[in-house]
Every structure is written in structure tokens, then in C-alpha cells.
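J.: Encoded as C-alpha cells, here's the structure I'll be asking about.
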Amino acid sequence: MRFSTFSYSSLGKKIYMAILGLLLVSFVTVHLIGNLALLSPDKDTFNKYSHFLTHDIGGIILVAEILIFAFFFFHFLYALVVQWNNWKARPIGYKKVKNAGGASKKTIMSTTMIYTGLIIIIWLVIHLLNFKYGEEVMYTTKDGMLIRDLYATVTGYFSNIWNVIFYDVVMILLALHLSHGFWSAFQSLGLNGPRFMKFIRGFGYLYAIVLGAGFVFIPVWVYLTIGGAR
Ligand code: HEM
Numbered sequence: 034m035r036f037s038t039f040s041y042s043s044l045g046k047k048i049y050m051a052i053l054g055l056l057l058v059s060f061v062t063v064h065l066i067g068n069l070a071l072l073s074p075d076k077d078t079f080n081k082y083s084h085f086l087t088h089d090i091g092g093i094i095l096v097a098e099i100l101i102f103a104f105f106f107f108h109f110l111y112a113l114v115v116q117w118n119n120w121k122a123r124p125i126g127y128k129k130v131k132n133a134g135g136a137s138k139k140t141i142m143s144t145t146m147i148y149t150g151l152i153i154i155i156w157l158v159i160h161l162l163n164f165k166y167g168e169e170v171m172y173t174t175k176d177g178m179l180i181r182d183l184y185a186t187v188t189g190y191f192s193n194i195w196n197v198i199f200y201d202v203v204m205i206l207l208a209l210h211l212s213h214g215f216w217s218a219f220q221s222l223g224l225n226g227p228r229f230m231k232f233i234r235g236f237g238y239l240y241a242i243v244l245g246a247g248f249v250f251i252p253v254w255v256y257l258t259i260g261g262a263r
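Read in our numbering, the sequence shown has 85 at position 52, and its numbers run on one by one without any break.
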């Protein structure tokens, strides 16, 4: 099959979506690990980590950022096209099955992927405006470096309980999105032997729970230990 024919085929789009999704999972995992620096009582830890990323290895990070934005953009674009084709293929309301289970594994997560994805994309724009492109407060670290106090921006944001609730609701939706997306990506890539699928489905659920719990925990912890006390 020619490359362009493959790219336009429904299988091609699903495979691209799966690869981009798995790349995003890797980014989100690294992002969670980095954000754990917010748990340190010394704000220099998080600020220096962020400064290291944005300044010390700025060139590499710029390339990584462009790639991450492209991954999000094309993952979402392919998802819209695949979903649109599915809707077009079923113009008249077809018989609704609550949970087909079995081989098709139709679940509430699988049927709402486009909606959870849309919410995550909208949330991501707000997230970037608040943190990455948020107010740049500068401060001097203990060893005399004048750098951005991103820690103050993040902890200030999570001093508002509504922001914590907003984040945590979206983080739960992210976990639900991943709980289906993770194993479904392997299925799209053709790695779908019954034993492997059983393993990867279990692993995907566990992974989504751990990742989701980590992201839910950070705003709550910040609110309870620093933010709420402001
Ligand atoms: C508790 C949850 C989260 C916190 C506290 C958090 C915090 C942050 C902060 C502070 C930045 C700015 C980094 C900088 O400018 O140096 C950032 C950037 C970013 N975050 Fe998050 N984040 C969270 C969850 C997520 C999730 C779940 C995603 C993806 C689904 C995400 C995607 C991004 C992206 C794409 C960037 C821009 C990265 C870059 O340009 O280097 N974040 N986040």
C-alpha cells in the first residue's frame, strides 16, 4: 500500500492515533514525575527543575515542546476524523448496546473517548495559560540565582479550592481516557494476541489509576499543605 493511501485509510489513521497517544502517555508520565518536585517543602527544588528545563537545556526543550504540541494536535485531529467517519457510517440511530463487553469491549470509556479527549484539550489550553504562559514572578534562590517563581504561580493557583476541584475532575477524566486508550492503542497496532491483550488491558487500567492518582494528589496536597494556608 502506498504511504498516502495508508495515511488516508481508516486503519492508517488509527495506527497514527495509537502511536501519537503512546508518545503522549510517555510525556504525561515524565511530566507527573517532574511535578512531584512541587511536593518538596523547599520551593527552590521545583523552581530550579523548571529553570533547568526552560533555560539550561532550553534548545532541546524547545524541540521537545514543538513535538509535544504536534502530538496533541494530530492525535486530536485524527480522533476527530475517525469519529466523524464513524458517525457518518451510522446516519440513522443504530441499536444502542449499553455494554457489549466480550471481544468488542464496548464500555462507557470507549464510547466517550472523543468527549473526554475534547475536555482534556480545552483544559490543556487553560492549563498552559495559567502556568506556562502565566504571570512571571521572579525571585532569588538560596544560592543567589534570579529565576522565575513558578512554584508561587502553581501554589497560588491551587490555594483556590475551585481550581483544585476543576483540576481533579479533569484528571479523573484523563485517567478514564487512558484506561481505554492505553490498551486500545496496542490493539490498533495489531499487538492483540489474547494473552498479551489480557496483560496489557490489566496493565493499562493499573497505569491509568496510578497516573490519575498522582495528578489528583498534587493539587490536593498543595491546597492542604501550602495553598489553603495562604
Ligand atoms: C496536577 C497536574 C499538573 C500540574 C501541577 C502541572 C504543572 C505544569 C506546569 C507548572 C507547567 C509549566 C512548566 C514550565 O513552563 O516550565 C506545565 C506545562 C505543561 N503541562 Fe502540565 N501540569 C499538570 C498536568 C498536566 C497534564 C495531565 C497534562 C497533559 C494531559 C499536562 C500538559 C502540559 C503541557 C503540554 C505543558 C507544556 C510543556 C512545555 O511546554 O514544556 N499537564 N504543567
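Think of the CB as a built atom: it goes at the ideal place given N, C-alpha and C, for glycine as much as any other residue.
Am I right that Val255 and Val187 are in contact with their C-beta atoms under 8 Å? What's the rounded C-beta distance?
T.: Rounded, the Cβ-Cβ distance is 7 Å, consistent with contact.
J.: Which complete alpha helix (DSSP H) runs does the stretch 156–233 hold, if anything under 4 residues is left out?
T.: Those alpha helix (DSSP H) runs which fall completely within the stretch 156–233 and span 4+ residues are 183–190, 194–221.
J.: Looking at ligand 1, does it come within less than 6 Å of Glu98, judged from the CB to the closest heavy atom?
T.: Checking every heavy atom of ligand 1 against the Cβ of Glu98, one is found closer than 6 Å.
J.: Report all residues from its chain with a CB closer than 6 Å to the CB of Ala136; omit the five preceding and five following residues, and keep chain order.
T.: Caution is warranted here: a pLDDT of 49 is assigned to Ala136, below 50, making its placement in the model unreliable, and no coordinate value can be reported.
J.: Could you check whether Trp216 and Gly245 sit closer than 7 Å to each other, using their CB atoms as the reference points?
T.: No, the Cβ-Cβ distance between Gly245 and Trp216 is not below 7 Å.
J.: Taking 6 Å as the cut-off, does the CB of His213 come closer than this to any heavy atom belonging to ligand 1?
T.: His213: no, Cβ never under 6 Å from ligand 1.
J.: What number of angstroms, rounded off, separates the C-alpha of Leu95 from the C-alpha of Leu257?
T.: Looking at the two C-alpha atoms, the distance is approximately 34 Å.
J.: In the DSSP assignment, find the alpha helix (DSSP H) that holds Asp77 and state where it starts and stops.
T.: It spans 76–84 - the alpha helix (DSSP H) in which Asp77 sits, taken as one unbroken run.
J.: Do three or more CB pairs link the stretch 176–191 to the stretch 72–86 at distances below 8 Å?
T.: These segments touch.
J.: Tell whether a beta-carbon distance below 7 Å holds between Leu206 and Ile251.
T.: No.
J.: Pull the bridge partners of Lys121 from the DSSP assignment, please.
T.: DSSP output for Lys121 lists no bridge partner at all.
J.: Do Ala70 and Thr62 come within 7 Å of each other at the CB atom, strictly closer than that value?
T.: Not in contact: Thr62 and Ala70 (Cβ atoms no closer than 7 Å).
J.: Just the Cα atoms here: how many angstroms apart are Tyr172 and Thr149?
T.: The alpha-carbon atoms of Tyr172 and Thr149 are separated by roughly 38 Å.
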